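Please read the structure below before turning to the comments.
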């Protein structure tokens, strides 16, 4: 452009309009590319979040299953004293001997 204040000729005006149109097209393409990039980023973030939520749910299920197994193991059987009679007699005799030893140690004093 020249520094004078003359109005634009028809050719210059047409060139100006063409350049403005090219600029609008470039800006629109840039905006579209930015929107596409933002869309892809948001999709990737959503996929990552869904993956993390899935992993957290799976871990929670594993913990719940482990707790259920532990609770089942800790539940007493129908009769915890299901043992042979001989084993019951041995345990009872050991307890009686311990009690007698305890009593004897205080009586001797």
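In the numbering used here, the protein residues as written are 19 to 127. Don't be surprised by glycine CBs; every beta carbon is placed ideally from N, CA and C. Keep in mind that this is a model prediction, so the values were computed, not measured.
key: CB contact flag (residue 37, residue 26, <8 Å)   = no
Three-state class that DSSP yields for residue 123 in the structure shown = helix
Alpha helix (DSSP H) segment containing residue 37, residue limits = 28-92
task = In angstroms with no decimal places, state the Cα-to-Cα distance between residue 53 and residue 78.
result = 37 Å
task = Look up residue 100 in the DSSP assignment and say whether it is helix, strand or coil.
result = coil
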